[in-house]
Amino acid sequence: MHECDLCGVTIEGEPAGRGLLLFVRGDTLLREEPPLCERCAHGVGVAAMKRWELEDEDG
Ligand SMILES: [Zn+2]
18 MHECDLCGVT
28 IEGEPAGRGL
38 LLFVRGDTLL
48 REEPPLCERC
58 AHGVGVAAMK
68 RWELEDEDG
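Under the working numbering, the first residue of the sequence shown is numbered 18, with each subsequent residue one higher.
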């Protein structure tokens, strides 16, 4: 049993997708992949791509 990390809905079976969170703590890179429901998995993917475009544009 999983819970969507974003909206908290109960996910039956395997999560539709997983988010990818990266944290930098000093010299350590922490990586988390929280389970996401289908709706949130799609939303996070879109948001991540938009952020990627912004970073690319800036660099
Ligand atoms: Zn969700």
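In this text, a Cβ means the ideal position worked out from N, Cα and C, and glycines have one as well.
By the 10 Å Cβ neighbour count, where 16 or more other Cβ atoms means buried, how is residue i classified, buried or exposed?
| i | result |
| --- | --- |
| Leu53 | buried |
| Gly34 | buried |
| Cys57 | buried |
So, at 6 Å on beta carbons, what are the nonlocal neighbours of residue i in its own chain, with the 5 sequence-adjacent residues on each side left out?
| i | result |
| --- | --- |
| Pro51 | Asp22, Gly36 |
| Leu38 | Glu49 |
Can you name the residues that DSSP bridges to residue i?
| i | result |
| --- | --- |
| Arg35 | Pro52 |
| Val41 | Leu46 |
Can you give me the Cβ contacts of residue i inside the same chain, cut-off strictly under 8 Å, excluding the 5 residues immediately before and after it?
| i | result |
| --- | --- |
| Pro32 | His19, Cys21, Pro52, Leu53, Cys54, Ala58 |
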